[in-house]
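Okay, so here's the structure we're looking at.
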Amino acid sequence: MKPDLFQAPDYYLLDDLLTEEHKLVRDSARAWVKKEVSPIIEEYAQRAEFPHQIVKGLGEIGGFGPYIPVEYGGAGLDQISYGLIMQEIERGDSGVRSTSSVQSSLVMYPIWKYGNEEQRMKYLPKLATGEMIGCFGLTEPDFGSNPGGMVTNFKDKGDHYLLNGAKMWISNAPFADIAVVWAKDESGRIHGLIVERGMEGFTTPETHNKWSLRASATGELIFDNVKVPKDNLLPNKSGLGAPLGCLDSARYGIAWGAIGAAMDCYDTALRYSKERIQFDKPIGAFQLQQKKLAEMITEITKAQLLTWRLGVLRNEGKATSAQISMAKRNNVDMALTIARDARQMLGGMGITGEYSIMRHMMNLESVVTYEGTHDIHLLITGMDVTGFAAFK
Ligand code: TGC
Ligand code: FAD
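The letter at position 14 of the sequence shown is residue 14 when you use the UniProt record's numbering, and the numbering goes up by one with no holes.
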């Protein structure tokens, strides 16, 4: 793979909107990605293998629980710093950002928000350093966009719960130490349970042959009469709103992350367009190539503004779930469009692993689907503006 020469586009001088702390956090994440992710990620993606050696570093740059309070081992940062870290990590690879998102927003967040103090102290510090890795089990084979229909369930057996069912498409499942699993009790109410690797009847087979997120491990969670201690139930919130609340945090991070992938594709295509000569001219001198680049930087700039504003609203506790959906949907679609155009600008070279673009493009096909599909987020916006839910 070519050396990482990335230069971040900032067409509207948005750095002026950031604090010194934001820039420090962003720049250290950027430097870490250049040093630890860019040189190795293509090879791991080609081999469809997760690079376990980066886990410790991810913890050190605040990639695990950036906004979780310091007393629980988190970085105690604000929402814009969290977003900037996601942007930089996904600039390297969406699969690495997946690991970070799942650990932060789908495992640490529910333990922090819905767990008790013993659960927080037991799990959060180890998750923050990467000593422990978690995964999040919501999706089932027959219930993806409609998680409320889930059939995974647990029964109260006096001194423990008995958990049965299966989850599918679970990031980090094959090597996670713990899983935050969403399951129905005997009355049909959804609760979160912490299931630990090693519990009898709990297995995590890996999903193979993905053409997307190849450097991220995906798998199933299978529960065959798993005895879960009663202490492992998250006591402070139940109902579908509990997992969906975690998704708000993760979707917000993805909105920033997608900008990172888009910036990398744009920056690569811009540099290539100045160097590649055809018909005795750099291809960047042709109007058709300029159209692509001009549209890319326009869309990146719009997404940067949208997302920065969303971060301000999150910091003020005012962001709605529907606003988060709009940003996730817009930014991932924007990044996917840019990745496809950037790939074309590199001609044949665009399909090779010499450049990051095709990997980003394939990764984004998952990002546009997980955490709520492109269409589901459109329906969330539709419901928000009309008051009518069109899901069912
Ligand atoms: P609905 O009746 O609308 O809502 C049920 C309850 O949930 C509340 N709620 C939310 N709460 C917090 N945050 C949100 N975003 C919320 N959205 C809804 C709602 O107020 C209600 O509460 P209550 O108290 O009244 O019961 O639910 P519905 O069944 O009609 O479904 C709505 C829909 C379709 C929007 C929702 O199911 C949905 O978002 N589906 C998409 C599923 C999804 O996003 N799955 C993601 C799985 S995890 C994943 O992909 C990880 S990828 C990780 C990586 O690698 O990065
Ligand atoms: P479906 O829900 O079957 O949707 C199929 C199509 O139908 C989509 O285009 C969808 O938009 C459309 N559709 C569905 N309902 C409607 C409707 N009402 N109106 C109009 N169109 C509709 N899940 C987890 O729980 N944890 C994870 O860690 C996790 N990681 C993932 C990693 C990867 C690589 C992938 C690909 C997925 C992951 N997921 C995870 C699952 C992901 O959240 C689901 O794939 C996603 O929510 C969509 O569900 P589905 O694949 O079952 O598609």
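The beta-carbon is built from N, C-alpha and C at its ideal position, and this holds for glycine as well.
Range covered by the beta strand (DSSP E) that runs through Tyr161: Boundaries of the beta strand (DSSP E) harbouring Tyr161: His160 to Ser171, taken from the DSSP string.
Thr139 beta carbon near the ligand FAD (any heavy atom closer than 7 Å): Yes.
Buried or exposed by the 16-neighbour rule on C-beta atoms within 10 Å, applied to Met358: That one is buried.
Nearest-angstrom beta carbon gap, Ser104 and Phe64 [assumed within contact, 8 Å]: Phe64 to Ser104, Cβ: 6 Å. Contact.
Where Met263 falls, given that 16 or more other Cβ within 10 Å makes a residue buried: By the 10 Å Cβ count, Met263 comes out buried.
Same chain, Cβ closer than 8 Å to Glu20, five either side skipped, listed in chain order: Here the set comprises nothing.
Beta-carbon contacts of Gly59 that lie in its chain and below 7 Å, excluding the five residues immediately before and after: The answer, listed in chain order, is Ala128, Thr129 and Gly130.
Ile190 versus Leu14 - alpha carbon distance: Rounded to the nearest angstrom, the gap between the Cα atoms of Ile190 and Leu14 is 42 Å.
Alpha carbon of Arg30 to alpha carbon of Glu196, nearest angstrom: Rounded to the nearest whole angstrom, the C-alpha separation of Arg30 and Glu196 is 33 Å.
Cβ-based burial, Lys328 [other Cβ within 10 Å; buried from 16]: Looking at its Cβ environment, which holds 16 or more other Cβ atoms inside 10 Å, Lys328 is buried.
Proximity of Gly137 and Lys184 at Cβ, strictly below 8 Å: No. Outside cutoff.
Asn172 versus Glu49: straight-line alpha-carbon distance, rounded: If you take the alpha carbons of Asn172 and Glu49, they lie about 11 Å apart.
Run of the alpha helix (DSSP H) containing His374, from where it starts to where it stops: Where His374 is concerned, the enclosing alpha helix (DSSP H) stretches over His374 to Thr386.
Where the alpha helix (DSSP H) through Leu193 begins and ends: Per DSSP, Leu193 belongs to no alpha helix (DSSP H); it is in the beta strand (DSSP E), Ile190 to Glu196.
Exposed unless 16 or more other CB atoms sit within 10 angstroms - verdict on His360: By the Cβ neighbour-count rule, His360 is buried, with 16 or more other Cβ atoms within 10 Å of its own.
Coil, strand or helix - Leu305 by DSSP: Of the three classes helix, strand and coil, the one that applies to Leu305 here is helix, per DSSP.
Whole-angstrom distance between Val181 and Gly192, CA atom to CA atom: Roughly 5 Å between the two C-alpha positions.
Contiguous beta strand (DSSP E) assignments of at least 3 residues, all confined to the stretch 276 to 300: Runs of beta strand (DSSP E) with 3 or more residues, each lying fully within the stretch 276 to 300, are absent.
Validate contact between the stretch 340 to 360 and the stretch 369 to 389 using beta carbons, cut 8 Å, 3 pairs: Touching, no.
Asp142 CB to nearest heavy atom of the ligand TGC below 7 Å: Checking every heavy atom of the ligand TGC against the Cβ of Asp142, none is found closer than 7 Å.
Segment contact, 8 Å Cβ cut-off, at least three pairs: the stretch 65 to 74 with the stretch 34 to 48: They do not touch, by the three-pair rule.
Chain-order list of residues whose beta-carbon lies under 7 Å from that of Ile85 (same chain, five-residue window excluded): Contacts found: Val25, Ala29, Ile61, Gly62, Gly63 and Pro66.
Helix, strand or coil at Lys155 according to DSSP, with G and I counted as helix: Residue state, collapsed to three classes: strand.
Euclidean distance between Cα positions of Thr386 and Thr307: Put simply, the backbone Cα of Thr386 is about 23 Å away from that of Thr307.
Cβ-based burial, Asp224 [other Cβ within 10 Å; buried from 16]: Answer is exposed; the Cβ neighbour count stays below 16.
Burial state of Asn232, where buried means 16 or more other Cβ atoms lie within 10 Å: It counts as buried.
Pair within 8 Å by beta-carbon distance, Tyr114 and Ala242: Yes.
Alpha-carbon spacing of Arg214 relative to Ser101, whole angstroms: Their Cα atoms are separated by approximately 16 Å.
Under the three-state DSSP convention, the category Val228 falls into: In this structure, Val228 counts as strand in the three-state DSSP scheme.
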